[in-house]
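Before any comments, here is the structure.
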Amino acid sequence: MTARPLFDSDTSEHSGTSPASENDAPKTKRRRRRRSKKSSGGQSGSSQNEHLHQPPPAKEVAKLEDLPVEVFDVEQTFSDIGLRDSVVEGCTHAGFACPTHIQAQLIPMILSGTDVIGQAKTGTGKTAAFGLPMLHLCEREPEFQALILAPTRELALQIATEINDLGMHTPIKAVPIYGGARIGGQADRLKRKPQIVVGTPGRIKDMVDRGLLHFDNVRYMILDEVDRMLDIGFREDIRKILKMCPSATPDENGNRRQTIFVSATLSPEIEKLAKSFMHEPKMLHVQADSLTVQVVKQHHLLVEPWDKRRMLRHLLTHEEPAMTLVFCKLKRKVDELVKYLKEKDIAAEALHGDMSQSRRETIMHKLRRGSLGVLVASDLVSRGIDVEGITHVVNFDLPEDIELYVHRIGRTARAGRDGVAWTFVTPEEGEHLTEIEKLINAEIPRLEYPDFQPGPMPDVVARERAAEEAKKEQAKAKSRLAENELPSKDAADPSKFPGGVVPTKMPGRMMRGKIRGRR
73 MTARPLFDSD TSEHSGTSPA SENDAPKTKR RRRRRSKKSS GGQSGSSQNE
123 HLHQPPPAKE VAKLEDLPVE VFDVEQTFSD IGLRDSVVEG CTHAGFACPT
173 HIQAQLIPMI LSGTDVIGQA KTGTGKTAAF GLPMLHLCER EPEFQALILA
223 PTRELALQIA TEINDLGMHT PIKAVPIYGG ARIGGQADRL KRKPQIVVGT
273 PGRIKDMVDR GLLHFDNVRY MILDEVDRML DIGFREDIRK ILKMCPSATP
323 DENGNRRQTI FVSATLSPEI EKLAKSFMHE PKMLHVQADS LTVQVVKQHH
373 LLVEPWDKRR MLRHLLTHEE PAMTLVFCKL KRKVDELVKY LKEKDIAAEA
423 LHGDMSQSRR ETIMHKLRRG SLGVLVASDL VSRGIDVEGI THVVNFDLPE
473 DIELYVHRIG RTARAGRDGV AWTFVTPEEG EHLTEIEKLI NAEIPRLEYP
523 DFQPGPMPDV VARERAAEEA KKEQAKAKSR LAENELPSKD AADPSKFPGG
573 VVPTKMPGRM MRGKIRGRR
């Protein structure tokens, strides 16, 4: 990992302010805040989300020799990187022995008060990388000191859940705010005065417009998956929210808003946003490819489209994975596949954007508890699924955007744990698979099941393929005729022909390189 200044000079500015030169800019000083180590027993959230704040059972701490060095910095502990004891206790309760590489680098930078753009892909432990410093820095009073923006409601809910789990020994609470849920219920949660608010840009702006949320005390601003938020159209909402927050430029006392961007990619648009709303930001980059991709055992299975459902059933019944996440391209196919699995006595649930928010939360709660064996989901909600227990990912359909492949399989092998990814590939999708292999810079080997018996080709498919073959044969015949046609008279060189006369028709037949005329 490398940390470097993003800009050569101080070009940061807040809305309505001019950038100062590097020599004239006041030095950033952060007050050391004293806080009580006493844990608060209060809960935040409505009864609908009570599971957010139920402390998880303690997990066995992993042994250092069992941790992959590609993911974890086994030379350091969470105490070594500056976190207070109550926060470290939460990490131990969650079963974390040492930080991942991005955590070991990003946490000290945030604790020092630096604005940072952390470039990291899925599966690197980035949520805890910014969540743990918030638990360390935020005080019991006042309310709403940190705002975390996320692109989807599922991811916002997941971030809040993880922060509350890690902060179970601190008085700090996080509350999720997102669209698709009753504003009244979320307003009631805000009345409990949480220190951290996690939300989607649209709903956060809505709550501000209604006078239910105020940014006066916000000192920490985090944008998770900022590249994704810009892609799906939150650009203006993000800028408006950043303008509402306290300035990123230090005041006469050295106080200011600290801003953290977390992104899988660094685009010119993100750099432009950083110049406008960050103060002397530094860039932190995880140099390796996605760490999750390195530790996931990946295979592809060559299967005809009409055999996909039977192949999935075959895998689930013969391999018996503990918890499987299946991805489909279409919401309609998600529902159809779940119906098929249930008919075959396989317990499965669907998750996609057309479902009610309460239903989606109920399913995610079952997944986190480990009481759901198979979840079939669409790509829209894939980034919000961050559950440690997922052992297998099945790409039932190849994603049209090949980068989604990395995000999909990143749902397993979380934080260095083992994971398996199976990808169904039809005979027509070979080139698409090759593009994915180029992206991850690795070959995805083929997995065969000799005991799987393919089904008969459907009649409608047989007719379509026969028609396609006929068209190909017609095209080949036309191509062969075209090869026998001579170029136009103007395209030929008359001096190459006897008497300078260019023939306009091919003689009747050619055999062994010699022209043979009629008898």
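In terms of the working numbering, the sequence shown opens at residue 73 and continues consecutively.
Backbone N, C-alpha and C define an ideal beta-carbon position, used for all residues, glycine too.
Given the structure is predicted, the values throughout are model-derived calculations rather than measurements.
If you compare the alpha carbons of R156, E297, D281, R328 with that of I313, the shortest gap goes to D281. Secondary structure at M355: strand, using DSSP grouped into helix, strand and coil. Exposed is the label assigned to R254, since fewer than 16 other Cβ atoms lie within 10 Å of its Cβ.
Nearest C-alpha to L511 among S348, V478, D288, E536: V478. In this structure, DSSP gives F524 a state outside helix and strand, which the three-state scheme calls coil. For N467, the enclosing beta strand (DSSP E) stretches over residues 464–467. Secondary structure of I244 (DSSP, three-state): coil. Apart from sequence neighbours up to five positions away, the residues of its chain that approach R518 with a beta-carbon distance below 8 Å are H371, H372, L373, L374, ordered along the chain. Between R329 and K380, the alpha-carbon positions lie close to 52 Å from each other. If you draw a straight line from the Cα of E475 to the Cα of A201, it comes to about 23 Å. Here H424 is buried. Its C-beta has 16 or more other C-beta atoms within 10 Å. D407: member of the alpha helix (DSSP H) spanning 403–415, first to last residue. A residue is called buried when at least 16 other Cβ atoms come within 10 angstroms of its Cβ; I481 meets this threshold and is buried. Cβ atoms of A419 and V465 stay farther apart than 8 Å, at about 18 Å. Using a 10 angstroms sphere on the CB of P530, the tally of other CB atoms stays under 16, which defines it as exposed.
Under the criterion of beta carbons closer than 8 Å, T272 and Y250 qualify as touching, at roughly 5 Å. About 32 Å separates the CB atoms of E343 and P266; that is not less than 8 Å, and the two are not in contact.
In this model, P223 and A336 are separated by some 13 Å (Cα to Cα). If you draw a straight line from the Cα of S158 to the Cα of L402, it is about 45 Å long.
Close CB contacts of D458 within its chain, under the 8 Å cut and outside five residues either way in sequence, are with T199, L227, Q230, E234, R483, R486 (chain order). Residue environment: Q177 is assigned as buried (16 or more neighbouring CB atoms within 10 Å of its CB, all protein chains considered). Contact between A449 and V334 is absent: CB atoms are separated by about 23 Å, not below the 8 Å threshold. Check the Cα spacing between M301 and each of V290, L262, I174, E341: the tightest is with E341. DSSP, reduced to helix, strand and coil, places H286 outside both helices and strands of the structure shown, so it counts as coil.
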